[in-house]
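Numbering (our numbering), first residue to last: 1 to 43.
Down below is the structure, laid out as structure tokens.
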Amino acid sequence: MSEEDARALIVSGFADQVSKELPLEYAVEMNHLIRLEMKGSIG
């Protein structure tokens, strides 16, 4: 697992409660947006 993937998993873990309340297609999109936001970020 890359460091970038690990960071995305940590951040998405904090958003897990919100994600569970959303319909599946919105939860998938939210996770995708989190990964895009994390891509290339430092720290």
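From the three backbone atoms N, C-alpha and C, an ideal C-beta is built for every residue, glycine too.
Bounds of the alpha helix (DSSP H) holding Leu-36 are 24-38.
Ala-8 counts as buried, since no fewer than 16 other beta carbons sit within 10 angstroms of its beta carbon.
Between Ile-34 and Val-11 the beta-carbon gap is near 5 Å, inside 8 Å, which marks them as a contact.
The C-alpha of Asp-16 is placed about 12 Å away from the C-alpha of Leu-24. Per DSSP, Ser-2 is not a residue of any alpha helix (DSSP H), being assigned neither H nor E.
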